[in-house]
Structures are given as C-alpha cells and as structure tokens.
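**Student:** First residue of the sequence shown? That's 1 in UniProt numbering, and the numbers climb one at a time after it.
Think of the CB as a built atom: it goes at the ideal place given N, C-alpha and C, for glycine as much as any other residue.
Note that the coordinates shown come from a computational prediction; the quantities given were computed from them, not determined experimentally.
Got a structure for you, written out below as structure tokens; questions coming shortly.
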Amino acid sequence: MSTLPNKSLDFFIFDSHKKKVLNWKIRFNIIEGNCSRTYLFTQILKIKSNSQRLESCQHFIR
1 MSTLPNKSLD
11 FFIFDSHKKK
21 VLNWKIRFNI
31 IEGNCSRTYL
41 FTQILKIKSN
51 SQRLESCQHF
61 IR
C-alpha cells in the first residue's frame with residue numbers, strides 16, 4: 001500500500017501542480033483504505049457494545 005507524505009489530502013486535490021500526484025490508482029487506494037478502516041471501526045464498536053450488553057445481563061443471571 002502506498003502512502004502520501006504527511007499532509008492534508010486537500011493539499012493534493014486542490015493544488016494544480018500537486019493534483020497530478022494523485023492518479024486514479026492512488027485515489028482508489030485512498031478510498032479503499034478509508035472504507036476498510038471504517039468497516040473495521042464499526043466492527044470493533046459492535047463487539048464493544050455486545051460485550052457491554054453481556055456484562056449488564058450477567059447482573060440479572062446471578
């Protein structure tokens with residue numbers, strides 16, 4: 001996976017000279033990376049939420 005220098009993405013999108021750095025393959029990789037991170041983040045939140053529900057239900061089981 002390729003990475004861009006540590007700058008804002010806006011710097012590359014809106015600068016007329018830097019815009020050429022972002023070919024479609026790099027743009028696709030950025031979108032794909034954001035989607036996969038978002039998916040993983042939502043999965044982690046679901047796991048934490050389910051864990052909290054289980055902990056609260058154990059109070060009633062005892």
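State the Cα-Cα distance for the pair L22 and I13, rounded to the nearest angstrom.
**Tutor:** Computed Cα separation, rounded: 8 Å.
**Student:** From K25 to F41, what does the alpha carbon distance come to, in whole angstroms?
**Tutor:** Approximately 24 Å, taken between the alpha carbons.
**Student:** Tell me whether the beta-carbon of F28 lies closer than 8 Å to the beta-carbon of K18.
**Tutor:** Contact: no.
**Student:** Counting only the same chain and skipping the five closest in sequence on each side, list residues whose C-beta sits under 6 Å from that of L9.
**Tutor:** Around L9: no qualifying Cβ.
**Student:** Excluding five sequence neighbours on each side, which residues of the same chain lie with their C-beta closer than 6 Å to the C-beta of I30?
**Tutor:** Taken in chain order, the list of residues that qualify is empty.
**Student:** Output the distance between the C-alpha atoms of R37 and K48, rounded to the nearest integer angstrom.
**Tutor:** About 16 Å.
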